[in-house]
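Taking the numbering used here, I'd label the letters of the sequence shown as residues 827 to 1529.
Presented below is the structure to which this report refers.
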Amino acid sequence: MIFLNPAVLFSLLAASIPVLIHFLNLRKLKRIEFSTLAFLKELQKNKIRKIKLKQWLLLALRVLIILFLVTAFARPTLKGVAIGGTTSAAKTTAVFILDNTPSMSVVDVKGSYFNQAKDVIKQLLNRLQEGDGAALILVSDQNTGEVKTISDLSAFQKQVDAVKISDASGLLNTAIVKAAKVVSNSNNFNKEIYILSDFQSGRLADDGSLSDLSQLLNDKVRLYAFNFQSKQAFNIGIDNFKLNTQIFEKDKPVSFSVTVTDYSKQPADNQVVSLYINGERSAQQSISLNAGDSKSLLLEAVVKQSGFVDAFAEIEDDDILQDNRRYSDLFIPKEIPVVIFTDDPADSRLLNIALTAAGNETELTITQRNLNQVAALDLAKYSVIVIIGSENLSSGIDRLNSYLNNGGSILLMPGSKSTLQGFQKISGGLNIPAPLYAVGNINSTNNIIKFDKVDFDHPVFRDLYANKEKKNIESPEIYYHFKTNTQGKGESIISLIDGSAFLSEYKIGKGKVLAFNTAPVLGWSSFPLKSIFAPLINKSVYYLAAKDQTRDENFAGGSVLIDLRNNASPQIKIERPDKTDDYIDLQDQPNTNFYEYKNTDLAGNYKVYSGSDILTEFSVNVDPHESVIKYISDSEFEEYLKKINFKGKFINVGKNEDPAKVILQSRFGSELWRYFLFIAIALALIEMAVARNTKKELIEVKT
């Protein structure tokens, strides 16, 4: 016999109370002899002897009543003994681990693995009794909060019925740890955990994440495994959907790389891969894969809208649908605000002409200011800052650095009045390599230098030529320039024959700098007169304005950090892929610049609104691990149980076995508290009858 609530046994000390009271009530009576009562002595001796016996009986009854009551509350249970013809008389805590990840959507002759698992839960619930507790843990659920059991089994069944296949992935080990905490906090005799899964390879546990669960999963716990995997599924998944384009303009092509993998053991012929832009099919290609092969292809389409653009790649249906589509998003600005700071307004004349004459779909709104006004403007309003010169920047370097660190972009050029020392100062202030010395003479052709190497793979040169096979730049004549080397801190896009960088790029914080080593005036070079000048300046500005749209990939079920630095509203709205809305009150948030959003169980594009204006957008995709259709063996799972030091009893339920029968055969133990309580009540009734009779006899003796 064991006790499910052994702490109550300390109350057995209360059984000593009737004994103490009995002995405290014994009094030594003074004996006085009366001759007239001598004939009654024999009669009194007999009655008093009977009364003493009954008093001892009352004492025993009262002690037993306390003993049986306390033992009943301690919930005594017999192992391996069936009282009343059932081995499930003891209370049960049943924790159901339901795998609702995408791989459970595979369908065999009995239906989807997921629906089969729900049917098994329904059968097992019919075997639970009133007072039993049930808890549901979903493998896809990343919530770390407490899981509670409920005793209303009909309500629990409704909870199970409402569960659907999720786009989120998860680990069985995480769910088992949650279940272990639930059963360890239960006082019920039967502590049972049911795992209903396809036991997909790679979804059991992460390396190094296992811990010793022997204290939680002790010898009182029974673990049942239901494996629903029954066939070799046919599955092709999109593993990666990458945006290649770095300069975004309306009515210009956007390129994506799509990686497709055949996870099955059979080839896939002529699979159609489609690209959708804002819900419309914009491009497609066919692809053939051998079993286990992975291939990448390029899909390109013209984007006809500005603003936030939704994109996804899709393949044809197979056994697992959730990985047949992968999402991305991009932003094409409707206008690009540019501010030009100069020492001399005349220095920006030719550059202004180049920017305004290009005729791009995206409008450039240009503001002109003197260089000494950098500290007076709100730089965050501008997508690109153009600096031509260096002599009047007495203050504002700190503002420019802050602008860069927050993702801003700067186009830096010397001005007609720039000195070597002045340009060294501004370059050093922006944390880019300063020029070493000046080369040549202004308005002099005595020491002309020309282009040497051009990085035609850089984004500023992509799509610059109608005939991509004939890339050629007519080099300008450079009369005067500041010799600059990137010193390994940046990238040389165009270099001169003297080894210096004519145009170079540097990443500063979250922003970037494009730096020219000569001024955009005719006295320094013939660059403004060449055909390359206008398109290169335009592409440079558009490249700088295009913020880095490559992000860490967000997987369904994980958290996403939303940038709120451009938000002015106390509340944001998040439109989910299913068109439902989440409203987030930001007034009580400790960090006003970022918000961690966790309700990402759906794959797709999420839109974040500040008031009626869209603030940002992010994409969520299915974890590629869910595409793998390999499964762990029974021995691998048993090896896992050894690693977590599982001390209970493990029962592997076969797919063709009757779940309810297996559970009943393994369940054991009968709780005896009802019997102990019944005996205590019966003893109390006997004690009342004996006490009443004894009291009557005492009165007769005294009289």
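Don't be surprised by glycine CBs; every beta carbon is placed ideally from N, CA and C.
- Within the model, the alpha-carbon separation for N1431 versus A1109 is close to 20 Å.
- In the three-state reduction of the DSSP assignment, G1474 falls in the coil class.
- Contact between the region 880 to 896 and the region 985 to 993 is absent: fewer than three C-beta pairs spanning the two stretches fall below 8 Å.
- Look at the beta carbons and you see the region 931 to 942 not touching the region 1354 to 1364: under three pairs across the two are nearer than 8 Å.
- Across the structure, L1043 and T918 are spaced so that their CA atoms are roughly 15 Å apart.
- With the rule of 3 Cβ pairs closer than 8 Å, the region 1035 to 1055 does not count as touching the region 1083 to 1090.
- In the assembly as shown, L1362 is a buried residue. Its beta-carbon has 16 or more other beta-carbons within 10 Å.
- Two segments are said to touch when three or more pairs of C-beta atoms, one from each, lie closer than 8 Å; by this definition the region 1028 to 1037 touches the region 999 to 1007.
- Listed as beta-bridge partners of S1081 by DSSP are E1126.
- Scanning its chain for C-beta atoms nearer than 7 Å, with the 5 sequence neighbours on each side dropped, one finds around V1488 the residues I1477, V1479, in chain order.
- Per DSSP, the unbroken beta strand (DSSP E) holding N1431 starts and ends at 1430 to 1436.
- Going by beta carbons, S1351 and E1303 fall inside the 8 Å limit.
- H1451 and D1173 have their C-alpha atoms roughly 57 Å apart.
- Fewer than three beta-carbon pairs drawn from the region 1173 to 1182 and the region 1135 to 1148 are found closer than 8 Å, and the two stretches are therefore not classed as touching.
- Our two residues, V1386 and D1324, have alpha carbons roughly 48 Å apart in a direct line.
- Just measuring C-alpha positions, the residue of K1121, S1122, D1408, G1384 sitting nearest T970 is G1384.
- The C-beta separation of N926 from V965 comes to about 6 Å, placing the pair in contact by the 8 Å criterion.
- It is roughly 19 Å from the alpha-carbon of L979 to the alpha-carbon of L1022.
- By the Cβ rule, the region 1154 to 1162 counts as touching the region 1128 to 1137, because three or more pairs are nearer than 8 Å.
- Boundaries cannot be given for E1075, as no alpha helix (DSSP H) includes it and DSSP labels it neither H nor E.
- C-alpha of F1249 to C-alpha of K1309: approximately 11 Å in a straight line.
- Between A1059 and D1149, the CB-CB gap reaches or exceeds 8 Å.
- DSSP, reduced to helix, strand and coil, places L1238 within a strand of the structure shown.
- For V1098, the enclosing beta strand (DSSP E) has its first and last residue at 1094 to 1103.
- For A1327, the enclosing beta strand (DSSP E) has its first and last residue at 1327 to 1334.
- Separation of N1482 and K1475 (C-alpha to C-alpha, rounded to the nearest whole angstrom) is 21 Å.
- When secondary structure is reduced to three states using DSSP, N1447 falls in the strand class.
- Counting only residues of its own chain and dropping the five nearest sequence neighbours on each side, G1255 has a CB closer than 6 Å to the CB of I1223.
- Taken atom to atom, the span from the alpha-carbon of L1101 to that of I991 is near 25 Å.
- If you look at K1399, you'll find it isn't in any alpha helix (DSSP H); it sits in the beta strand (DSSP E) that goes 1397 to 1401.
- A1264 is the residue among A1264, A1327, I1192 whose C-alpha sits nearest the C-alpha of Y1306.
- The alpha-carbon separation between V1286 and V1367 amounts to approximately 9 Å.
- Residue state for T1168 is assigned as strand, using DSSP reduced to three classes.
- The C-beta separation of L962 from F922 comes to about 5 Å, placing the pair in contact by the 8 Å criterion.
- When the five nearest sequence neighbours on each side are left out, the beta carbons in the same chain lying within less than 8 Å of the beta carbon of F894 are those of F1502, L1503, I1505, A1506, L1509, in order along the chain.
- Contact annotation: the region 1227 to 1237 touches the region 1334 to 1342, with at least three C-beta pairs closer than 8 Å.
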